[in-house]
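To keep things clear, I will list the structure first and then write my remarks on it.
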Amino acid sequence: DVIIAGLKLLEYRGYDSAGIAVSNKGKIKVAKKEGRIVNLENHLKEEPLLGNLAIGHTRWATHGKPNDANAHPFIGNKRKYAVVHNGIIENYLEIKEELMSEGVKFSSKTDSEVIVHLLEYLDNGDPIATILKAVKKLKGAFALGIIHAETPNTIFAAKRDNPLIVGCAGGEGYICSDINSLPQSLKKVIVLDNKQFAVVKKNSVELYN
């Protein structure tokens, strides 16, 4: 409900689909629907996703037509990482071809999907090191929200040239691309500097460059 409420406050920016990924007991499940957020909301009423860690996104298409497959979040084939992305990955075709040559299978026509497969390809068991290694390979602009199935109560966030804001209070942590989508109860937020990386937990935020 928290994620859906936040997504509704982003609808003014345009949308063609919406989705959510929820992590619960070491497993990530994804639901995403073409069209207005109410389509996703109605789907979740019929098939709820339970958990206390989630990321969501409303998409405005740049690569790939509006449909369920091209909606965010994206989850890796090993289902270890899920990613939402605001921005454009300029070298996605180069990365995609490299990953496909290694046997990685893609399910969408988007530039964003390469990020989650790159994370799983580079994964060494340390999500912070893996994410930092992956973002160095990306060219373009991005605000990323990432969850890792084996890292409970933690959201990873990375920013380059696109807005990204972190909020943390009362045993809850948030990331967003627009401060208006944060809960009004938050008293303090962190506006990430360019090329910053955040590890957001229930009661803390760690920042890296």
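In the working numbering, the protein residues as written are 127 to 335.
Don't be surprised by glycine CBs; every beta carbon is placed ideally from N, CA and C.
This structure is a prediction, so every number in the text was calculated from the model and none was measured.
Item	Value
Short Cβ contact (8 Å threshold) for K155 with L170	no
Residues near A208 in its chain [Cβ-Cβ closer than 6 Å; skip 5 each side]	A147, I154, P199, I201, I273
Helix, strand or coil at N150 [DSSP, three-state]	strand
Selected residue, minimal CA-CA separation from S149, among Q310, I163, K206	K206
Contact under 8 Å by Cβ, L270 with A283	yes
The segment 294 to 305 / the segment 222 to 235 touching (three or more Cβ pairs under 8 Å)	no
Proximity test, Cβ basis, 8 Å: E224 and chain B	Any reference to chain B falls outside this structure, which holds one protein chain only.
Same chain only: Cβ atoms within 6 Å of L133, ignoring 5 sequence neighbours per side	A144, I163, G182, T184
Whole-number beta carbon distance between L135 and S307, since they are thought to touch under 8 Å	4 Å
Coil, strand or helix - S307 by DSSP	helix
Range of the contiguous alpha helix (DSSP H) that encloses L258	253 to 263
Same chain, Cβ closer than 8 Å to I130, five either side skipped, listed in chain order	I146, I163, L166, E167, L170, G182
The segment 308 to 322 contacting the segment 288 to 299, beta-carbon criterion three pairs below 8 Å	yes
Per DSSP, the bridge partner or partners of F282	I272, V325
Contact check, L290 vs L264, beta carbons under 8 Å	no
Residues that D287 bridges to, as DSSP identifies them	F268
Proximity below 8 Å, CB of N288 to CB of N212	yes
Same chain only: Cβ atoms within 7 Å of E137, ignoring 5 sequence neighbours per side	I163, T184
Within 8 Å, strictly: CB atoms of V210 and K222	no
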